[in-house]
Each structure stands twice: as structure tokens, then as C-alpha cells.
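Numbering (our numbering), first residue to last: 13 to 194.
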Amino acid sequence: MRISGGTLRGRTFYPPANNWPTRPTTDMSRTALFNILQNKLDFETVRMLDLFGGTGAHSYEFISRGCTDVTYVDKFKPATLFVHQKAIEFGISTSLKIVLSDYLMFVKTCHLKFDYIFAGPPYGLVQLDGIPDVVFESNILEEDGLFVLEHDPSHDFKNHIYLIDVRNYGQTHFSFFKKKQT
């Protein structure tokens with residue numbers, strides 16, 4: 013896996029085991045997502061939340077593009093340790109807060125607001141369809157913030173009140189949600 017843009021572009025990182033309960037976003041899909049995001053966000057001014065953070069790829073990409081306020085959340089302790097190690101290796105520890113927590117517990121107890129939230133849950137997660145509602149009901153997204161949910165084609169959010177766009181890259185779909193329609 014590699015970082016696709018910014019100051020860390022080209023740096024590689026590989027999770028230490030094949031049996032991790034993570035499904036990293038492919039480099040191609042992540043690059044396509046960041047091509048879209050660069051037209052929607054000012055990376056240097058956003059507060060970013062990476063739910064189901066896994067390998068930390070989205071967090072690294074944001075920091076590489078100038079974001080200095082990234083919160084990474086994952087409940088799998090080896091993943092958080094791996095991301096901590098990579099943050100030190102990449103020299104980005106001061107921009108990254110690592111939280112060992114279940115996403116639901118974090119969202120329900122968090123008192124911060126984020127400009128951008130990315131969630132890349134396991135595709136088979138039973139509660140996946142409810143994640144957008146959990147995010148919006150928790151009030152952790154800024155009024156004009158953007159929420160992106162990665163999922164497979166078996167999930168469809170076309171009737172969600174805050175859905176603004178969907179992008180498909182093979183088996184990887186990104187649904188974009190925003191409260192304030194611009």
C-alpha cells in the first residue's frame with residue numbers, strides 16, 4: 013500500500029499480518045476518492061475523523077496533504093499499534109490522535125465536531141446501513157461538513173436524506189453525505 017499524494021507521496025506501508033480483520037481500500041479507489049476530495053476540501057484547515065481506521069491509509073493521506081488535526085479510531089488494538097508505529101516512522105505523530113475504541117462508543121461520547129468524516133467499515137458489518145444515521149444523530153459533523161462512507165454494492169443509500177453523491181470503483185462504492193446542500 014502506498015500514499016498517493018502530498019508530502020508523503022510514494023511512502024509505503026503494509027500491515028504485518030494477512031489475518032487482520034481489515035479490508036484496506038485499494039490504492040486505485042483511494043486515489044480516485046482523494047481526487048474528488050481535493051476539489052471539495054481545504055486539507056490544511058479541516059478537522060478529520062477516520063472511523064474504522066484500519067491501516068491508517070486515509071489518515072496518512074490527509075496528513076500528507078497538510079491536515080494537522082486527524083483523529084483515527086479503530087477497535088482492533090494491533091491496528092492502533094501499527095498506526096502509532098507508522099506515525100512515528102512518517103514523522104506525523106503530532107497531527108494524529110489514535111483512539112482505541114468501537115466506532116459507536118466513540119461517536120456517542122465524542123464532544124468534538126469534524127469537517128470531514130470517513131468511515132470504511134467491514135463490508136459485512138451488520139450495522140453498516142445505520143452508520144450515516146448514527147453520524148448525523150450524534151452531531152459530530154460540522155453543519156457544512158462532509159461524511160463519506162465506503163461500502164460494497166450490496167448497500168444502497170439513494171433514499172437517505174443527506175446523500176449527495178455516490179462513486180463506484182468496482183466493488184468499492186463511496187457514498188457522500190452532507191447536511192447543508194450547496
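Yeah, the Cβ is synthetic: ideal placement off N, Cα and C, and Gly gets one too. Predicted, not measured: the structure shown is a model, and the values here were computed from it.
* At what residue ranges does the stretch 68-145 contain a whole run of the alpha helix (DSSP H), taking only runs of 4 or more? -> The stretch 68-145 contains these whole alpha helix (DSSP H) runs: 69-76, 89-102, 115-121.
* **Option nearest residue 152 by Cα separation, candidates 125, 41, 78** => Comparing Cα-Cα distances from residue 152 to each of 125, 41, 78, the minimum goes to 125.
* Which of the three DSSP states, helix, strand or coil, is assigned to residue 40? -> In the three-state scheme derived from DSSP, where H, G and I count as helix and E and B as strand, residue 40 is classed as helix.
* Where does residue 19 sit, in a helix, a strand or coil, going by DSSP? -> DSSP places residue 19 in helix when its eight states are reduced to three.
* Residue environment, residue 103, which counts as buried when at least 16 other CB atoms sit within 10 Å -> By the neighbour-count criterion, in which a residue is buried when 16 or more other Cβ atoms sit within 10 angstroms of its Cβ, residue 103 is exposed.
* To do: Using only alpha-carbon positions, find the residue among 26, 172, 136 that is nearest to residue 72.
  => The shortest C-alpha separation from residue 72 is found at 26.
* As assigned by DSSP and simplified to three states, the class of residue 55 -> Of the three classes helix, strand and coil, the one that applies to residue 55 here is coil, per DSSP.
* To do: Kindly list the residues whose CB is nearer than 6 angstroms to the CB of residue 45, restricted to its own chain and excluding five residues on each side of it in sequence; keep chain order.
  => Residues of the same chain with a CB within less than 6 angstroms of the CB of residue 45, apart from the 5 flanking positions on each side, are 186 in chain order.
* Taking the alpha carbon of residue 88 as the point to measure from, which residue in 53, 133, 156, 41 has its own alpha carbon closest? -> The shortest Cα separation from residue 88 among 53, 133, 156, 41 belongs to 133.
* To do: Check the C-beta distance from residue 115 over to residue 63 and give it rounded, since I have them as a contact under 8 angstroms.
  => In this structure residue 115 touches residue 63 by the C-beta definition: roughly 5 angstroms separates them, less than 8 angstroms.
* To do: Indicate whether residue 41 and residue 82 have their beta-carbon atoms separated by less than 7 angstroms.
  => In this structure, residue 41 sits away from residue 82, with a CB-CB distance that is not shorter than 7 angstroms.
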